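Enquirer: The sequence shown begins at 1 in full-length UniProt numbering and counts up by one.
I have a structure here, written as structure tokens, and I will follow up with some questions on it.
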Amino acid sequence: MFKKTTIRLAGLIFLASPILFPLVSYAADTSGEVGYNIQAVIPENQGDKTKSFFDLRMTPGQKQTVSIMINNTSNQDSKYQININQAYTSDQGFIDYSESKKAQENNYPYKINTIAKTDSKVDVAKNSSREVPITLTMPDEKYDGQILSAIQVVKDSEETKSGISNNYGYLLGLKLTESDTEVHRQLKLKKVEPAESFGKTSIAAVLENPTMDAYGHLKYEATVKNSATNKVVRTVSYDKDMQMAPNSRYRFAIDWEKKRLEAGDYSLHLKVSDAKNNVWVFDRKFTISNKQAKEVNAATIDAATEDSLPTWVFIVIGILLAVILLGIIWLILAKRKKDKEKM
């Protein structure tokens, strides 16, 4: 018996020029199934009071308590887990808040878990609401840009007889700013390396946004050449309005189209552009060692081959089916011959 937890997030990422805003969805179509919803108690220092998420204008060293409401619309007393997760760039290349461990991989100048404090678990009686305070303590230093995060509320649920537990969660955005000063955007290419991405062979270009600004409408164009032959071995282009969270890293994966990685020297030409007409161009040489190629191939192509049946099994099955078919034909012909002899 195993426990599988599925977290369904009813939160949305709302993209507004020129920066990214997180937005909670109240998801009326799922409230009956989920049995609860959440909402922000909007304070006076809300940047745009028409927004349903926290968009707070703060000052250095400021202390403030804001609140969210958890509305339990079910007929059962319920427990809820609360986390405040900083924005990060997902493996798919979009701003996300749902996994706290992914956020911990980034080097934020101001971490949300040192700024925002709240209870990690709360109880809410059936058919009632509870206001949950969140204490904010801003850094003493003034900053330009934004601190992006989200309040994640997940309802505890009992495990079913099948061992499956379905948890339903909401994400409510928490954005903290101190000024409207525009941040000069930068992008860095930290390294290029062979990698397993989404179960496939690939080359990963590790990019870093070192600024406190969220980037939107990102487009990627990449070309990989074999340095020995100067031949292009892979070209990719992504134009899917991709994003990058402030102070985050993104492993831009160049899919190798299910082909084996070959050891050798290569070069990468990468062009990245954003909605503000910024363009970053990188040229980087890199090497795939024999060890790296074997490890990635073993984890992807070779693993997939091992999971499938060997070719000889299909050959044996084919031979057996042919023998059975011939046997049936022989029996039919023998019966017909015997019937004719009786006539």
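No residue lacks a Cβ here, since even glycine has one placed at the ideal position from N, Cα and C.
Note that the coordinates shown come from a computational prediction; the quantities given were computed from them, not determined experimentally.
Here's a check: name, in chain order, each residue in its chain whose Cβ is nearer than 6 Å to the Cβ of A28, leaving out the five neighbours to either side.
Expert: The pLDDT assigned to A28 is 34, lower than 50, so where the model puts this residue is not dependable, and the model offers no usable value.
Enquirer: T287 and D265: beta carbons closer than 7 Å?
Expert: In contact: T287 and D265 (Cβ atoms closer than 7 Å).
Enquirer: Using C-beta distances below 6 Å, list every residue in its chain close to D48, excluding the 5 sequence neighbours before and after it, in chain order.
Expert: So the list reads D55, once near-sequence residues are dropped.
Enquirer: State the CB to CB distance for the pair S100 and N85, rounded to an integer number of angstroms; the pair is presumed to be in contact (CB under 8 Å).
Expert: S100 to N85, Cβ: 5 Å. Contact.
Enquirer: What first and last residue would you give for the alpha helix (DSSP H) that runs through T181?
Expert: Per DSSP, T181 belongs to no alpha helix (DSSP H) and is neither H nor E.
Enquirer: With the cut-off set at 7 Å, would you say L66 and I151 are in Cβ contact?
Expert: Checking the sequence shown, residue 66 turns out to be Val, not Leu. Result no, Cβ atoms of V66 and I151 do not sit closer than 7 Å.
Enquirer: Determine the direct distance from the alpha carbon of G35 to that of K190, and round the result to whole angstroms.
Expert: Cα to Cα, K190 sits roughly 45 Å from G35.
Enquirer: On the CB-based measure, 16 or more other CB atoms within 10 Å of its CB, does Q243 come out buried or exposed?
Expert: Buried, because 16 or more other Cβ atoms sit within 10 Å of the Cβ of Q243.
Enquirer: Confirm, please, whether the CB-CB distance from K155 to Y168 is below 7 Å.
Expert: Contact flag set, yes.
Enquirer: Assign I332 to buried or exposed, taking buried as 16 or more other Cβ atoms, counted over all protein chains shown, within 10 Å of its Cβ.
Expert: Exposed, because fewer than 16 other Cβ atoms sit within 10 Å of the Cβ of I332.
Enquirer: Run through DSSP, which three-state label would S197 get?
Expert: Reduced to three states, the DSSP call for S197 is strand.
Enquirer: State the DSSP-derived secondary structure class of R336, mapped to helix, strand or coil.
Expert: Residue state, collapsed to three classes: helix.
Enquirer: Report all residues from its chain with a CB closer than 8 Å to the CB of N297; omit the five preceding and five following residues, and keep chain order.
Expert: For N297, where only same-chain residues beyond five positions count, the Cβ hits under 8 Å are T201, R260 and L261.
Enquirer: Which of the three DSSP states is assigned to K102 in this structure?
Expert: It is helical.
Enquirer: Are there 16 or more other CB atoms within 10 angstroms of the CB of V232, so buried, or fewer, so exposed?
Expert: Label assigned to V232: exposed.
Enquirer: What does DSSP give as the partner residue(s) for Q46 in the beta ladder?
Expert: L56.
Enquirer: DSSP state of V323, grouped into three classes?
Expert: Helix at V323.
Enquirer: Please check the pair V124 and I70, which I expect to be a contact at CB under 8 Å, by giving their CB distance rounded to whole angstroms.
Expert: The Cβ separation is near 5 Å, so the contact holds.
Enquirer: Mind checking whether F94 and G173 have CB atoms under 7 Å apart?
Expert: Going by C-beta atoms, F94 is not nearer than 7 Å to G173.
Enquirer: Spatial neighbours of N45 within its chain, please: CB distance less than 6 Å, with the 5 preceding and 5 following residues excluded, ordered by chain position.
Expert: Result list for N45: L56 and R57, in chain order.
Enquirer: Would you check if the distance between the CB atom of Q292 and the CB atom of P194 is smaller than 7 Å?
Expert: Yes.
Enquirer: Quick one, which of N230, L218, E295 and A299 has its alpha-carbon nearest L268's?
Expert: Looking at the Cα atoms, N230 is the closest of the given residues.
Enquirer: Could you check if N290 is buried or exposed, using at least 16 other CB atoms within 10 Å of its CB as the buried criterion?
Expert: It is exposed - the Cβ of N290 has fewer than 16 other Cβ atoms within 10 Å.
Enquirer: Using DSSP bridges, identify the partner residues of D123.
Expert: DSSP, once it has assigned bridges, lists K79 as partnering D123.
Enquirer: What residue range does the beta strand (DSSP E) around A40 cover?
Expert: Note, A40: beta strand (DSSP E), Y36 to V41.
Enquirer: Taking C-alpha atoms, which residue in A275, I328, Y250 and F282 lies nearest to residue 345?
Expert: The chain is shown only over 1 to 343; residue 345 falls outside these bounds and no answer can be derived.
Enquirer: According to DSSP, simplified to helix, strand and coil, what is L278?
Expert: Leu is not the amino acid found at residue 278; the sequence shown has Asn there. The answer is coil: DSSP assigns N278 none of H, G, I, E or B.
Enquirer: What first and last residue would you give for the beta strand (DSSP E) that runs through T65?
Expert: K63 to N72 is the span of the beta strand (DSSP E), which, as asked, contains T65.
Enquirer: Hey, how far is the Cα of D255 from the Cα of E196?
Expert: So the two alpha carbons sit approximately 9 Å from each other.
Enquirer: In or out: P43 buried (at least 16 other Cβ within 10 Å) or exposed?
Expert: By the neighbour-count rule (16 or more Cβ atoms within 10 Å), P43 is not buried but exposed.
Enquirer: How many Å lie between V192 and A263 at the Cα?
Expert: If I take the Cα positions, the gap works out to 14 Å.
Enquirer: Based on the DSSP secondary-structure assignment, which residues constitute the bridge partners of K142?
Expert: For K142, which the question treats as bridged, DSSP gives no partner whatsoever.
Enquirer: With the cut-off set at 7 Å, would you say G61 and D140 are in Cβ contact?
Expert: Yes, the pair counts as a contact, with Cβ atoms nearer than the cut-off.
Enquirer: Nearest CA to the CA of Y80: which residue from K121, K225, S179 and K63?
Expert: Measuring from the Cα of Y80, the nearest candidate turns out to be K121.
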